[in-house]
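**Student:** In my numbering, the protein residues as written are 12 to 297.
All C-beta atoms, glycine included, are put in the ideal place defined by N, C-alpha and C.
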Amino acid sequence: MPAAPARFVLTLSCGDRRGIVAAVANSIASQDCNIVESAQYGDPDSGRFFMRVAFAAPETVTKASFISGFLPVATGYGFDWQLHDLSVKPRVMILVSKLGHCLNDLLYRNSIGQLPMELASVVSNHETMRRRVEGEGLPFHFVPVDGRTKAEQEAEVLGLIEGERIDLVVLARYMQVLSDGMTDKLAGRVINIHHSFLPSFKGAKPYHRAHERGVKLIGATAHYVTAELDEGPIIEQDVGRVDHAMSAEEMVAIGRDIENTVLARAIKFHLEHRVLLNGSRTVVFR
Numbered sequence: 012m013p014a015a016p017a018r019f020v021l022t023l024s025c026g027d028r029r030g031i032v033a034a035v036a037n038s039i040a041s042q043d044c045n046i047v048e049s050a051q052y053g054d055p056d057s058g059r060f061f062m063r064v065a066f067a068a069p070e071t072v073t074k075a076s077f078i079s080g081f082l083p084v085a086t087g088y089g090f091d092w093q094l095h096d097l098s099v100k101p102r103v104m105i106l107v108s109k110l111g112h113c114l115n116d117l118l119y120r121n122s123i124g125q126l127p128m129e130l131a132s133v134v135s136n137h138e139t140m141r142r143r144v145e146g147e148g149l150p151f152h153f154v155p156v157d158g159r160t161k162a163e164q165e166a167e168v169l170g171l172i173e174g175e176r177i178d179l180v181v182l183a184r185y186m187q188v189l190s191d192g193m194t195d196k197l198a199g200r201v202i203n204i205h206h207s208f209l210p211s212f213k214g215a216k217p218y219h220r221a222h223e224r225g226v227k228l229i230g231a232t233a234h235y236v237t238a239e240l241d242e243g244p245i246i247e248q249d250v251g252r253v254d255h256a257m258s259a260e261e262m263v264a265i266g267r268d269i270e271n272t273v274l275a276r277a278i279k280f281h282l283e284h285r286v287l288l289n290g291s292r293t294v295v296f297r
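1. Judging by CA-CA distance, which residue of 245, 273, 228 and 238 is the nearest neighbour of residue 254?
2. Does DSSP classify residue 104 as helix, strand or coil?
3. Inspect the CB distances between the region 16-25 and the region 54-66 and report whether three or more fall short of 8 Å.
4. Restricting to Cα atoms, I'd like to know which of 124, 135, 277 and 90 is closest to residue 184.
5. Examine the Cβ distances between the region 40-48 and the region 288-295 and report whether three or more of them are shorter than 8 Å.
6. Can you pull the DSSP bridge partners for residue 96?
7. With DSSP run on the structure shown, which of helix, strand or coil describes residue 24?
8. Have a look at residue 299 and residue 78 and give me their C-alpha separation to the nearest angstrom.
9. Assuming residue 219 contacts residue 259 (C-beta within less than 8 Å), just tell me the rounded distance between them.
10. In terms of residue numbering, what span does the alpha helix (DSSP H) encompassing residue 205 cover?
11. Would you mind giving the Cβ-Cβ distance between residue 56 and residue 103, rounded to the nearest angstrom? I have them listed as a contact below 8 Å.
12. Secondary structure at residue 81, three-state DSSP: helix, strand or coil?
13. Got a sec? Which residues, its chain only, sit under 7 Å from residue 127 by beta carbon, not counting five neighbours each side?
14. What are the start and end residues of each continuous beta strand (DSSP E) run of 3 or more residues lying completely inside the region 178-202, in chain order?
15. Looking at the secondary structure, which residues open and close the alpha helix (DSSP H) in which residue 222 lies?
16. At which residues does the alpha helix (DSSP H) containing residue 268 begin and terminate?
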């Protein structure tokens with residue numbers, strides 16, 4: 012018979028040492044739970060150990076009861092750990108400006124249940140995407156920047172994030188730089204997408220300038236947002252080959268398709284608790 016679906020995901024990191032996998036597996040089994048997926052990685056550079064375990068549990072095991080039973084092992088090994096209940100879908104907010112390709116892609120994936128999330132709302136500093144969003148039956152919040160200070164605008168966005176109990180914020184081509192204060196408050200909870208030309212082609216029309224330089228590869232990067240602009244821990248990347256016969260507009264179209272795919276993958280990895288931070292890098296258990 013097929014294994015029962017996972018009800019919980021356990022993620023942890025600690026200093027690498029012998030016996031961690033056995034201790035975790037024994038603790039899970041001792042609570043009458045069954046491991047259905049397991050992955051681990053020992054980083055030789057940092058000396059850190061990372062692990063993700065998905066397991067099925069009987070109805071009698073709750074999140075609180077498992078934590079209580081697992082705590083002695085976690086304390087003994089010095090785990091930095093989290094237990095995620097898969098019956099509770101993370102609440103997601105999308106921030107967007109005028110370019111709608113990433114938003115459109117995420118709205119479709121959400122409509123067919125491809126992403127394990129509860130899409131709460133969309134926020135924009137422009138009205139451009141209102142009809143598209145409201146056509147999906149989702150709240151659209153217009154939070155303009157013009158005529159207000161950045162602090163005032165961000166305070167309104169943060170108020171929406173708190174009021175809607177948002178777990179993850181997605182910058183789907185949101186063309187505003189978040190302040191250090193906002194990135195600090197949302198550390199590890201904001202994912203951004205951008206083209207792969209940074210730092211060579213910053214600013215407007217990067218694909219056109221890349222076309223002028225005759226680039227042969229274009230791509231996209233999805234990463235967590237930090238105070239260092241576009242330098243947060245990378246979650247996912249991909250590339251596509253281009254050649255001399257392609258116009259700048261054709262390169263833009265290819266690049267946008269890659270951006271859609273990379274952002275969706277990164278969000279899915281995060282929602283499935285497959286991404287663990289390792290300093291300025293990530294460990295991604297695919």
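**Tutor:** Reading it off the structure:
1. The residue given as residue 254 occupies position 243 in the sequence shown. Comparing Cα positions, the closest option is 228.
2. On the sequence shown, position 93 is the one that residue 104 refers to. Annotated three-state conformation of residue 104 is strand, per DSSP.
3. Taking 8 Å as the limit for Cβ pairs, the verdict is that the region 54-66 does touch the region 16-25.
4. For the purposes of this step, residue 184 is taken as residue 173 along the sequence shown, with counting starting at 1. When C-alpha distances from residue 184 are compared across 124, 135, 277 and 90, the shortest belongs to 135.
5. Flag = no, the region 40-48 and the region 288-295 do not touch.
6. Counted from its first residue, the sequence shown places residue 96 at position 85. Here residue 96 is bridged, per DSSP, to 19.
7. Residue numbering aside, residue 24 sits at position 13 when the sequence shown is read from its first letter. Residue 24 falls in the strand class under three-state DSSP.
8. Here the chain has residues from 12 to 297 only, and residue 299 is not among them.
9. By one-based count along the sequence shown, residue 219 stands at place 208. By one-based count along the sequence shown, residue 259 stands at place 248. For a cut-off of 8 Å, the C-beta gap from residue 219 to residue 259 is around 4 Å, short enough to register as a contact.
10. In the sequence shown, counting from the first residue as 1, residue 205 sits at position 194. For residue 205, there is no enclosing alpha helix (DSSP H); the residue is part of the beta strand (DSSP E) that begins and ends at 201-206.
11. Within the sequence shown, the letter at position 45 stands for residue 56. Within the sequence shown, the letter at position 92 stands for residue 103. The Cβ separation is near 32 Å, so there is no contact.
12. Indexing the sequence shown from 1 puts residue 81 at position 70. Correct three-state label for residue 81: helix.
13. In the sequence shown, counting from the first residue as 1, residue 127 sits at position 116. Cβ contact annotation for residue 127 (same chain, cutoff 7 Å, sequence separation greater than five): 100, 282 and 283, in chain order.
14. Listed in chain order, the beta strand (DSSP E) elements of length 3 or more contained wholly in the region 178-202 are 179-182.
15. For the purposes of this step, residue 222 is taken as the residue at position 211 of the sequence shown. DSSP places residue 222 in the uninterrupted alpha helix (DSSP H) bounded by 217-224.
16. Locating residue 268 in the sequence shown gives position 257, where the first residue counts as 1. In the DSSP assignment, residue 268 falls within the unbroken alpha helix (DSSP H) covering 259-282.
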